[in-house]
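Numbering (my numbering), first residue to last: 2 to 282.
Structure (structure tokens):
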């Protein structure tokens, strides 16, 4: 047989084999496998996108409430002066969030107990992404950057816990906090007596907070430390906020009573306030 004819026959056989193989592959493709292919492609694209983000040495971590933790190893001298920092402090740890001032202050209080740092400022900007409450900006100062970083790490970890008694819904929110031993962050933010039991009670809209505050003060023998309203002591948030101190059992009892009445009012408004994480009080 002529060699050209043989080559033509072999080429035709190869084509038919390739067509059959392709048909078999196509017949095995299902909607599920198509979805898996798409998901793998999305993950590949996402990985490529994040791979393009430069490593930021100041970044420590993030958590619930659009919270970010950062550290500055050696603050600029001009900013240092404007912040009126003690000259011995060059390193700063920073916690900032869009939602939830109370949880972050409570978590920072635990952090300052566990690290060689000082709370130099606590600010509560009007935020919650258009909600009724605040965001937060908390600054730790330390002589060593490792202490500043550790304070940020402890705060980020504890925020998951301290968000446990924050209950939100469309109509407002109920927020409670309790510690058996207040430290420097709570003293800085609210004038809490160091070493004593301390509670924070927040309700929004403000009328809910006022009833919660009244209930708390009538429930047990506690002392009122601070009272804040939309025009006094807040960043014009739609909240009433009180802080209390006293015997640990009494403070806890008052906080729990305020929680129950606040949740009851929101439920009466046809709302379903739910815990942000897991209640701890």
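All residues carry an ideal CB built from backbone N, CA and C; glycine is no exception.
Neighbour-count burial assignment, residue 286, 16 or more Cβ in a 10 Å radius: This structure cannot speak to residue 286, because the chain is shown only from 2 to 282.
Alpha-carbon to alpha-carbon, residue 66 and residue 150: 20 Å
Cβ pair residue 109, residue 139 closer than 8 Å: yes
Nearest-angstrom Cα separation, counted from residue 246 out to residue 148: 30 Å
Segment contact flag, the stretch 244 to 260 with the stretch 172 to 188, C-beta cutoff 8 Å, min 3 pairs: yes
Buried versus exposed call for residue 88 [16 or more other C-beta atoms within 10 Å across all chains shown]: exposed
Buried or exposed by the 16-neighbour rule on C-beta atoms within 10 Å, applied to residue 79: exposed
Candidates 189, 132, 211: closest to residue 241 by CA position: 211
Residue 264 (DSSP reduced to helix, strand or coil): helix
Contained alpha helix (DSSP H) runs [length at least 4] in the stretch 79 to 132, N- to C-terminal order: 102 to 115
Cβ shell of residue 186 (< 6 Å), same chain only, five flanking positions each side left out: 106, 109, 110, 113, 120
Nearest candidate by alpha-carbon position, reference residue 194, set 207, 174, 225: 225
Beta carbon of residue 251 nearer than 8 Å to that of residue 208: no
Neighbour flag for residue 234 against chain C, beta carbons, 8 Å: Absence of chain C from the displayed structure is noted, only one protein chain being present.
Residue from 230, 174, 227, 228 whose Cα sits closest to the Cα of residue 266: 174
First through last residue of the beta strand (DSSP E) which encompasses residue 61: 60 to 64
Other residues of its chain near residue 270: CB distance less than 7 Å, five sequence neighbours each side excluded: 172
Where residue 234 falls: helix, strand or coil (DSSP): strand
Residues that residue 282 bridges to, as DSSP identifies them: Residue 282 is not bridged to any residue.
Sequence-distant residues of its chain with Cβ nearer than 7 Å to residue 188 (five each side left out): 195
Close Cβ partners of residue 264 (< 7 Å) along its chain, the five nearest in sequence each way excluded: 168, 175, 274
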